[in-house]
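Notes to accompany the following structure.
In our numbering, the protein residues as written are 806 to 997.
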């Protein structure tokens, strides 16, 4: 058994970002569901902490980033609490004992209790996946590094609009010391 205490951080796998035809669909997000589910099953079986980091905006747009506000107010409202689009996709629905962290910015750490909760559960290494690379994945990973966490990014469980965008971000993440590996490679290296 690996002595490290991993925590899985699944970012923005909500219907409005994942389902084809949804208002803010990321082209590659839907295809990552099976690999994320594989990771989720492993973490559940090994009783490692799981964090579902989700984005929510008020219906009036008062808490949305300035760069997204015009589109949001122009009838492209998405990830509003209480809507079907704001919910996590069915295959990744949290179970009892998993944590749901709500953010309204790119980083899962900004103005949330994520760092506090990770330290509370004793996480020593973060495993990050979800959508999408150049925004929330990247911002969360960079902040995790700043907070002193070693990070593993599961490449086949993380999406971007195009493979080229994903590849460019993986290069950048590797350059700051992030271990970027597939879900199968994670299982080989870290799961007994």
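C-beta: ideal position from N, C-alpha, C; glycine also. Predicted model, so just to flag it, every value in this text is computed and none were measured.
Residue nearest to residue i in terms of C-alpha spacing, selected from the options
| i | options | result |
| --- | --- | --- |
| residue 829 | 861, 883, 846 | 883 |
| residue 967 | 821, 817, 833 | 833 |
| residue 822 | 892, 854, 866 | 892 |
| residue 836 | 964, 992, 982 | 964 |
| residue 932 | 826, 856, 820 | 856 |
| residue 852 | 812, 954, 950 | 812 |
| residue 831 | 810, 922, 819, 839 | 819 |
| residue 938 | 815, 873, 996 | 815 |
| residue 978 | 950, 996, 992, 997 | 950 |
| residue 860 | 955, 940, 993 | 940 |
| residue 921 | 874, 838, 904 | 904 |
Counted within 10 angstroms of its Cβ, other Cβ atoms place residue i as buried (16 or more) or exposed
| i | result |
| --- | --- |
| residue 908 | buried |
| residue 863 | exposed |
| residue 871 | exposed |
| residue 969 | exposed |
| residue 889 | exposed |
| residue 817 | buried |
| residue 916 | exposed |
| residue 999 | This structure cannot settle anything about residue 999, because the visible part of the chain is limited to 806 through 997. |
| residue 936 | buried |
| residue 974 | buried |
| residue 982 | exposed |
| residue 980 | exposed |
| residue 806 | Confidence is the limiting factor: at residue 806 the pLDDT is only 43, short of 50, which leaves the residue's position unreliable, though a coordinate-based value still follows. Exposed. |
| residue 912 | buried |
| residue 952 | exposed |
| residue 869 | buried |
| residue 991 | buried |
| residue 900 | exposed |
| residue 976 | exposed |
Residues that residue i bridges to, as DSSP identifies them
| i | result |
| --- | --- |
| residue 819 | 893 |
| residue 931 | 812, 956 |
| residue 854 | 812 |
| residue 860 | 908 |
| residue 963 | 935 |
| residue 984 | 957 |
Residue span of the alpha helix (DSSP H) that contains residue i, given as start and end
| i | result |
| --- | --- |
| residue 994 | 988 to 995 |
| residue 909 | It is not in any alpha helix (DSSP H) - residue 909 carries neither H nor E in the DSSP assignment. |
| residue 834 | Run containing residue 834: none; DSSP gives neither H nor E here. |
| residue 946 | 943 to 951 |
| residue 922 | 919 to 925 |
| residue 878 | 874 to 878 |
I want to know whether the stretch 919 to 937 touches the stretch 868 to 887 - three or more CB-CB distances under 8 Å.
no
Specify whether the stretch 985 to 994 and the stretch 956 to 976 touch according to this definition: at least 3 beta carbon pairs, one from each stretch, less than 8 Å apart.
yes
Any contact of the stretch 943 to 955 with the stretch 842 to 854, i.e. 3+ C-beta pairs under 8 Å?
no
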